[in-house]
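So the mapping is simple: the working numbering equals the position in the sequence shown, first residue as 1, plus 52.
Presented below is the structure to which this report refers.
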Amino acid sequence: MEAKFRLREIYPQAPALDLRATMSLLQSRLTTLNGPNNRLEQQPDGTLNLGADYRLSGNVNWTPGYTTRLSDAQEVWQGDKWVLDASALWAWSPRAQFRVSASNVLARDYLSGGTRWSGAGAQATRDTTQSTAPSYLNLQAKLELKL
């Protein structure tokens with residue numbers, strides 16, 4: 053689902069703010085694997101994206117964590133992901149403007165892992181892994197000139 057509108061369309065006295073929202077719901081089931089979590093690999097249950105544009109702009113994106121069964125003896129999981137971006141634009145003339153932006157403002161680490169089972173009965177073992185992938189804030193400043 054997607055929605056995009058100007059706030060003034062609802063409230064005429066509101067600032068000239070453009071709003072947008074996108075939501076995706078995803079679902080898959082593999083018949084070759086027993087459940088639960090017998091989904092396509094790397095497919096979350098959904099995503100949510102919200103944004104606003106004015107002189108200042110912002111966007112937030114969320115992907116919930118999920119678990120995927122790879123076989124009867126192995127599953128992997130991915131933690132939730134939050135990404136926040138923001139920017140500001142100063143237009144001095146139609147030919148000159150200055151833009152400042154920050155991407156991945158939250159700079160949250162991404163967690164993932166998995167579990168593997170082997171053996172049976174008293175010889176059964178379970179190996180569990182967890183990984184942390186760092187995430188970084190990206191700052192950018194641009195002077196844009198049209199010649």
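The beta-carbon is built from N, C-alpha and C at its ideal position, and this holds for glycine as well.
Every value quoted in this text rests on a predicted model; they were computed, and no experiment measured them.
- Where ASN101 is concerned, the enclosing beta strand (DSSP E) starts and stops at 98 to 105.
- Judged by DSSP secondary structure, GLU61 falls outside any beta strand (DSSP E); it is assigned neither H nor E.
- Contact between the stretch 104 to 115 and the stretch 87 to 95 is absent: fewer than 3 CB-CB pairs across the two stretches fall below 8 Å.
- The bridge partners DSSP lists for GLY131 come to none.
- The criterion of a C-beta distance shorter than 8 Å is not satisfied by GLY98 and LEU82.
- Just so you know, the alpha carbons of ALA159 and PRO186 end up roughly 8 Å apart.
- For secondary structure counted as the beta strand (DSSP E) over 3 or more consecutive residues, the stretch 108 to 194 holds these complete runs in sequence order: 108 to 115, 118 to 123, 126 to 130, 133 to 145, 148 to 155, 162 to 170, 177 to 185.
- At a Cβ-Cβ threshold of 8 Å, GLY117 and TRP134 do not count as neighbours.
- If you draw a straight line from the Cα of GLY171 to the Cα of ASP70, it is about 57 Å long.
- About 5 Å separates the beta carbons of MET75 and LEU100, which is inside the 8 Å limit, making them a contact pair.
- By the criterion of a C-beta distance shorter than 8 Å, GLY87 is surrounded in its chain by ARG81, ARG121, once the five residues flanking it on both sides are discounted.
- Cβ neighbours of ARG72 within its own chain (closer than 6 Å, five residues either side excluded): LYS56, GLY103.
- Per DSSP, the beta bridge partners of THR74 are GLU54, ASN101.
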